[in-house]
Structure formats: structure tokens, C-alpha cells
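Structure record follows, encoded as C-alpha cells.
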Amino acid sequence: MGETHGLPYDMLFEILTWLSAKSLMRFTCVSKTWNSLIRRDLNFFKLRNARSQTRPPATRLLYEIYKGRPGVEESTCNYSTQLEGLYLRLVSPRHYFDRARRESMICSNYCNGLVCFFTYKDAQTYLYNITTGEMKDFPFSIERLLPHNPPELLLGFDPHMEKYKLLSLVYSVKTESYEMKILTLGTNSWWKIDEKYPNKPWDYNDYVFLNGVLYWKDMLSNATITYFNFMDEKFEAITISFPQIASSRICGLNEMQSALLGKLVINYCPWNLVYDEVNKIFMKYNPYLDEKKDERVALVDAKKTSIFILATTSIIRASSSLIFPPHTSLRHVSRFLMMNVKKMGNELKIRKLQRIDSGVPMQATKLSNGKDATNDENWIL
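Number 381 marks the last residue of the sequence shown (UniProt numbering); no jumps.
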């Protein structure tokens with residue numbers, strides 16, 4: 001049967017079928033028996049593939065990081081050696097873009113590792129998968145105030161329908177208000193929403209998407225969180241009423257804790273408050289009381305200066321906060337499930353792929369059946 005290092009063959013077979021592909025590739029070097037089992041045993045391949053489909057979906061964090069000045073490479077190296085073992089490594093490929101060059105513009109909130117981009121060169125809107133670096137252009141037109149201006153979009157995922165939805169906002173000079181239409185991706189019909197659009201946040205970074213709901217801070221009220229429910233397709237608001245907190249205190253969404261916890265967390269100085277969706281109330285929350293949590297370092301392998309970096313990373317264990325190297329600042333962080341990103345695949349047809357940093361068309365990816373990914377309508381992000 002060959003060398004199995006003291007393990008019965010059937011036990012070895014069972015254990016290895018639960019491992020990741022990355023681990024299996026390392027174990028092919030253990031012995032000829034292990035190599036043959038992993039690479040040539042058809043029954044092993046079938047069982048391992050079936051089990052990989054039943055695993056819980058991987059949870060990831062998405063980052064938008066600003067690198068302000070030269071020297072990050074050196075400071076990152078020195079910084080990381082002091083905190084060995086606590087790394088959150090950013091997933092390759094890392095994507096660089098410089099908004100100062102005005103080649104492209106983010107025109108939506110982040111949702112499940114996806115975001116909408118508008119390119120000025122072709123006046124086209126794309127859906128961008130930050131984990132893989134691929135883009136899809138929408139097979140439908142999106143209304144804009146001016147032809148060469150980016151649209152204003154809200155992107156969300158409806159967990160009940162398991163569909164993505166796109167809310168288009170077009171400002172009407174005549175009525176001095178926003179006209180809103182919503183589209184379920186995979187369909188061809190826009191539906192008008194006859195509601196008054198609430199106050200917008202300053203930037204797309206100020207949105208927090210969680211569990212089918214997009215939250216943001218009402219700029220005109222210190223004690224109000226506004227949200228759009230993509231399941232009900234309605235705007236609503238949460239009024240913060242918490243004992244011992246003065247109305248004059250500054251309130252804001254705590255993106256980092258919301259991402260790490262998977263629930264809406266607001267900072268109502270000096271407290272963090274977590275939102276109980278069932279009872280519709282806020283409660284005090286202190287992430288540092290949990291001894292199982294730790295601080296994690298997000299390593300930025302930056303090769304350029306004065307840029308924004310978009311990246312994702314897997315969550316391996318619970319953390320209380322994220323630490324970034326000197327000369328970098330975190331502009332946005334959110335969490336998502338890889339399973340929900342893959343659901344986007346059948347809702348949009350591929351037209352072309354582009355590199356985000358240069359606008360140069362990418363080569364078509366070859367699939368296992370020999371076809372080009374750009375011509376396969378079932379190809380997924």
C-alpha cells in the first residue's frame with residue numbers, strides 16, 4: 001500500500017479529503033503514496049470535491065487603504081517583525097488605482113466584495129470584483145445626470161431572493177430632488193421608488209452593508225441612522241435612544257467593529273453601541289473584553305506612492321481591531337461571504353475584462369473546457 005506514516009490508508013484517505021487544495025499540494029511531497037492518492041485517485045478527487053462544496057462559505061474582509069507617502073515598504077517590514085503571527089495578509093492580486101488621474105471613479109458603495117466603477121475614457125459603468133480583480137460591464141444603460149459624469153448607485157444583495165439589486169439615483173434640477181429606480185440584476189425592468197431620498201453621506205466609504213441592509217449616518221441628525229432595506233426596497237431610520245448619553249455627543253458608524261462583528265456598531269463617544277436587529281435597540285459593546293480576540297496586522301505590500309489600494313483578506317479567527325503600518329490610513333473596511341460573490345455570475349454576461357489601473361483589456365481566461373471566459377455566459381467573478 002506504500003508509506004502512510006503510521007496511519008491506516010482508509011483513515012489517511014478520509015482526513016485528506018477535508019483539506020484545502022493549498023494544503024494538499026504541500027502534502028504531495030510527503031511520499032509517493034501521498035502523491036499518488038492526491039493526484040491520481042479518482043475516488044479521492046470525487047469525494048474531496050463534493051465535500052469542498054458543503055463547507056461553510058469563507059468570510060473575508062474588504063479594505064480600501066490610502067498610502068500617503070514613500071517609505072511604506074521599509075516601515076511595513078520593521079513593523080511586521082514586532083507582531084509576528086498576527087498577520088492578516090491581503091489577498092493577491094492587490095489592486096492599485098489613483099483617483100487623482102481621473103481615469104476611473106468608484107460610483108457605489110461596497111457590497112460583498114463588489115463595487116461599481118465608472119471609467120471616463122469610455123463613459124462606461126463596470127462591476128468590479130476586488131478579490132479576483134475582474135470587471136464586468138453592465139448589459140444595460142444606467143441613467144446619468146450628464147453623459148460623461150459617473151452615475152450615483154447603491155449596490156445591495158437581497159438574501160431572501162439571493163439576488164443583487166442596483167438602486168439608481170438621478171438628481172432632478174426641476175424638482176430639486178432625487179429620482180430613484182431599482183433593478184434586480186438578471187432582469188431587464190427598472191422599478192421607480194416613490195419615496196423621498198434621505199440625506200446622503202459625504203462619501204461612498206460612509207456606507208455599511210450588512211445582511212441585506214445598507215446603513216449610513218444621517219448628516220442632519222446626530223441621533224439618526226438611515227438605511228435602505230434591499231429586501232423590502234424601502235428607506236427607514238433608526239433613532240438612537242440610549243440612557244446616559246447626551247444628544248450633543250458625536251455619533252458615527254464604526255466600520256471596523258461592524259466588519260469584525262458582522263453587526264451594525266456605532267461609535268457614540270465614549271461608547272461603542274451594537275444594534276440588536278431583533279429587539280431594535282442599541283446595547284453597549286466592548287470588543288476588548290473578549291479574551292479570545294486579538295489585534296491583527298494588515299500588511300500592505302505597496303509598490304507605488306500616493307495611491308489607493310483595494311484588497312481583501314480571509315478571516316481566520318476573531319479579532320478586536322486591525323492595525324495598519326505607518327503612513328497608511330484605512331478608508332473603508334467591510335465583511336462579506338465568498339458564496340454571495342459567486343451568486344453574481346449568472347446575473348451578468350461577460351462583455352470584456354479590464355485591468356483597473358490601466359484600462360488595458362485583459363487576455364481572456366481559458367476554462368477547463370478550452371473556451372474563453374469572456375465568451376462563456378456562465379463564467380463567474
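Beta carbons are placed, not taken as given, at the ideal position from N, Cα and C, and that holds for glycine.
All values derive from a computational prediction rather than experimental measurement.
Ordered along the chain, which non-local residues of its own chain (more than five positions away) have a Cβ less than 6 Å from that of residue i?
i, result
"residue 220", "199"
"residue 360", "Here the model assigns residue 360 a pLDDT of 33, short of 50, so the residue's position is not dependable, and the following value carries that caveat. So no residue of the chain qualifies."
"residue 222", "251"
"residue 192", "181"
"residue 271", "284"
"residue 37", "44"
Are the beta-carbon atoms belonging to residue i and residue j less than 9 Å from one another?
i, j, result
"residue 107", "residue 164", "no"
"residue 153", "residue 168", "yes"
"residue 258", "residue 66", "no"
"residue 210", "residue 264", "yes"
"residue 151", "residue 170", "yes"
"residue 207", "residue 109", "yes"
"residue 19", "residue 40", "no"
"residue 274", "residue 261", "yes"
"residue 205", "residue 335", "no"
Hey, residue i and residue j are a contact pair by Cβ (cut 8 Å); roughly how many whole angstroms apart?
i, j, result
"residue 63", "residue 311", "5 Å"
"residue 256", "residue 333", "5 Å"
"residue 382", "residue 196", "Residue coverage of the chain in this structure runs from 1 to 381, which leaves residue 382 outside it and unanswerable."
In or out: residue i buried (at least 16 other Cβ within 10 Å) or exposed?
i, result
"residue 60", "buried"
"residue 30", "exposed"
"residue 309", "buried"
"residue 15", "exposed"
"residue 216", "buried"
"residue 214", "buried"
"residue 161", "exposed"
"residue 278", "exposed"
"residue 313", "buried"
"residue 104", "buried"
"residue 188", "exposed"
Can you list, in chain order, the residues of its chain whose CB lies under 7 Å from that of residue i, leaving out five sequence neighbours each side?
i, result
"residue 252", "217, 266, 267"
"residue 201", "207, 216, 217, 219"
"residue 17", "44, 47, 48, 51"
Between residue i and the rest of its own chain, which residues show a CB-CB distance below 8 Å, the 5 nearest in sequence each way excluded?
i, result
"residue 212", "156, 157, 158, 159, 160, 229, 230, 231"
"residue 227", "213, 214, 215, 216, 235, 236, 237, 238"
"residue 74", "With a pLDDT of only 35 at residue 74, under the threshold of 50, the placement of this residue in the model should not be trusted; the figure read from the coordinates follows. Here the set comprises nothing."
>> Please give the ranges of any beta strand (DSSP E) in the segment 193-224, keeping only runs that are unbroken, at least 3 residues long and fully inside the region.
In response: 208-210, 213-217
> Where in the segment 115-178 do unbroken runs of the beta strand (DSSP E), each at least 3 residues long, occur, reported from the N-terminal end onward?
Replying inline: 124-129, 135-137, 152-158, 163-172
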